[in-house]
Each structure stands twice: as structure tokens, then as C-alpha cells.
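Residue numbers for the sequence shown follow the working numbering, beginning at 370 and rising by one. Have a look at the structure below before the remarks.
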Amino acid sequence: MYGPTETPESEELSFEGPERWSRWAAWVRAHTRLAAAVGASIAVLAVIAGGRLLYERSRQPLPPPEGSSPQTGHLSVYLCATEPFWEKCRGPATAADRRKIEAALRSIPEIQSFRFETREQSLANLRKTVVRASNPEGLPDLFGSLRPEDVPESYYAALRPGDWPGVRQRVEALPGVSYVRTFRDDMWWGKADVAITLCPRASSLEKRCARRGAATEAEKAAVLDRIHSLPGIETVYFEDRTHAVKALGDVSRQGLDANGDLPGLSEVFYLKLDRPVTKDLSPSFSDLPGVAGVRPVSTP
Numbered sequence: 370m371y372g373p374t375e376t377p378e379s380e381e382l383s384f385e386g387p388e389r390w391s392r393w394a395a396w397v398r399a400h401t402r403l404a405a406a407v408g409a410s411i412a413v414l415a416v417i418a419g420g421r422l423l424y425e426r427s428r429q430p431l432p433p434p435e436g437s438s439p440q441t442g443h444l445s446v447y448l449c450a451t452e453p454f455w456e457k458c459r460g461p462a463t464a465a466d467r468r469k470i471e472a473a474l475r476s477i478p479e480i481q482s483f484r485f486e487t488r489e490q491s492l493a494n495l496r497k498t499v500v501r502a503s504n505p506e507g508l509p510d511l512f513g514s515l516r517p518e519d520v521p522e523s524y525y526a527a528l529r530p531g532d533w534p535g536v537r538q539r540v541e542a543l544p545g546v547s548y549v550r551t552f553r554d555d556m557w558w559g560k561a562d563v564a565i566t567l568c569p570r571a572s573s574l575e576k577r578c579a580r581r582g583a584a585t586e587a588e589k590a591a592v593l594d595r596i597h598s599l600p601g602i603e604t605v606y607f608e609d610r611t612h613a614v615k616a617l618g619d620v621s622r623q624g625l626d627a628n629g630d631l632p633g634l635s636e637v638f639y640l641k642l643d644r645p646v647t648k649d650l651s652p653s654f655s656d657l658p659g660v661a662g663v664r665p666v667s668t669p
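As C-alpha cells, this is what we get:
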């Protein structure tokens, strides 16, 4: 029987006597080992979960590098040809016209250097320009039927920072000039070696992306998995539509609305390699749906 001030709990928690001290010590040792085992298990699970998270994050592409757009660019001066592409042309550019154009190009401070391009060179440079400034998925259809005689001769000029609109107006007013285009240098030059262009929201071209819509998240994930399976990949960037619109506006020197209707503009994976590009990577992605094309990132 317990007195008025005694309870079983008070007896159980009493540490008087060696027997009870021994039981208490045994209980502490047992529970200490259990706590240590549980703690170790939790730590192992945390390491596994953290390692998996770090692994997944390490496979995610980086956003485009930060920084201002290049302040250098180039000028393409297309000459009047036999075919009256533009109303201002009254016939093909003459030798006298070309001498005046070259003299003007030499006198403009913003022009660092220039070169004359034959019809063949002009067509090749036009292809590169279109690849840079828009989705390359339909290039074979757009240019497959073009011949050098279909493209006018031109001058290609490297531009320093300055009044590019003024340069364009001055050169375009010269006799023998059909039209002039200015382009800012691509921000990806020197930052990436290969571009993997994805299918845009809409395409009217009879190619892989026709009538199918933009690449899905699952298709993007499959492309990323294929990228990581290749040797020599140093860095992977992903350019979404918002950045692509801004980059296109910077390259073409025209302000574009990120919410505007640009259904043919593609998202792009950019790859930086740890070695020079020695082979075409297109075959590595030719079987993947949602891929519009693969191209090297190179200066004109």
C-alpha cells in the first residue's frame, strides 16, 4: 500500500539503491544505441537524398550567360542586280557604282573593314545570317532551289560601336545599292560551340517540325539525356522563348515584344565543348522528336 504522498511513478523514478541505478544505466545505454542507429539511418538517407538532388541539379541546363549584348556587328550591302528586286534599282550596279560604294565604306568611322562578296559568297553568307537570326529548321526548303545567280552581289562590313542606323541610311542612299541590313554580333560566339534547335510552336515548312507544334517537356528531357550521354560536353545552356526573342531583337537591331506573335521562333540548347568541334553532331539527335536541327555556332 502507498501512503498519501507516494505513487508508483515516484517509486519507479527513484534512484536509491544499486539495483535501480543499474537498471537506469542499462536503459540509457540501450536507448543511446537505438538513438545512434536511428540517427545514422537518417543521416544516410539525407546523404542519399541530397546526392540525388545535387545529381539532378547538375544535369539541368544553365540559363544563358548574363551580360550585355555585343556592341560590334556587321553590315550587309546588297547591290542592284539585273532582276529589279527593289524599286530604287534601275539596273545592275556598275563599276562606277562599286567604286563610289567602296569609297563611302572606307570613309565611315563605324566600319572597321569590308570585303566584296560574289554571288556564291553572298548566298552562303545569307544562309548563315538566316540560321543565326531565325529558326533553321526549313533551310533546305528555303534555299534548296536558290542558285547563285538568284542572289545579288554584296559587300560585307564589320561594324564598330556607333550610329548604325545612320550608317545604314547613308549607304542605302548610294547608287547601285538595293538594300542594307545591319546585325549585331551573336552573343553565343565564343560561349557555345553547338546549337540544338527545338521545334517551334508553328511551322509551315514540310520538315520534321511541320504540323506538330512546339517541343514538349518530355521531348526536351529526352534531348537533355542524349546530350549528357555524349563525351566532351563541358556546359549546357538552354535559351527559352523569352530570351530568344530578346536575342533576335538584339541581333537584328529591332525591338521585339516577348509576348508578340512569333510562332516560328525556337527554343535552343547551346553546348560548350571541352575540345574543338571535329564532327557533325546532327546524327546523334536525328531520331529524337522535337528537334528541328543541329548546327555549329560560328562567326560568319
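Heads up, the beta-carbon is just placed ideally off N, CA and C, and yes, glycines get one too. The structure presented is a predicted model; accordingly, all values stated were derived computationally and were not measured.
Closest residue to GLN490 among ASP609, TYR524, VAL646 (Cα-Cα distance): TYR524
Residue ranges of each beta strand (DSSP E) within the region 536-620, 3 or longer: 546-553, 563-567, 602-608
Span of the alpha helix (DSSP H), counted from its first residue to its last, around ARG467: 464-476
ASP532 to PRO434 span [Cα, whole Å]: 26 angstroms
8 angstroms contact criterion, which GLY545 and LEU448 should meet: CB distance rounded: 6 angstroms
Inter-residue CB distance, VAL663 and TRP558 (contact presumed, cutoff 8 angstroms): Rounded, the Cβ-Cβ distance is 17 angstroms, inconsistent with contact.
Span of the beta strand (DSSP E) around LYS641: 637-642
Residues near VAL540 in its chain [Cβ-Cβ closer than 8 angstroms; skip 5 each side]: Hits under 8 angstroms: LEU444, VAL446, ILE470, ALA473, LEU474, ILE477, VAL546, VAL549.
Whole-angstrom distance between GLY659 and ALA583, CA atom to CA atom: 7 angstroms
ARG671 - DSSP class collapsed to helix/strand/coil: Not covered by the structure: residue 671. The range shown for the chain is 370 to 669.
Nearest residue (CA-CA) to GLU486, options ASP562, HIS597, ARG459, GLU522: GLU522
Pick from PRO439, PRO600, ALA561 that is closest to LEU670, judged by C-alpha positions: Because the chain here runs from 370 to 669, residue 670 falls outside it and cannot be looked at.
Of the residues PHE654, LEU492, SER438, the one placed nearest ASP519, counting alpha carbons only: LEU492
Sheet register partners of PRO665 (DSSP bridge): VAL563
Sequence-distant residues of its chain with Cβ nearer than 7 angstroms to HIS597 (five each side left out): ARG428
Terminal residues of the beta strand (DSSP E) in which ARG529 lies: Counting along the chain, ARG529 falls outside any beta strand (DSSP E), and DSSP gives it neither H nor E.
Residues of its chain near LEU567, where Cβ-Cβ distance is below 8 angstroms and the 5 sequence neighbours each way are ignored: ALA583, ALA584, GLU588, LYS589, VAL592, SER635, GLU636, VAL637, PHE638, GLY659, VAL660, ALA661
Distance between ARG488 and ALA464 (C-alpha atoms, nearest Å): 16 angstroms
Continuous beta strand (DSSP E) stretch holding GLY442: start and end: 442-448
Simplified DSSP state of SER651, which is helix, strand or coil: helix
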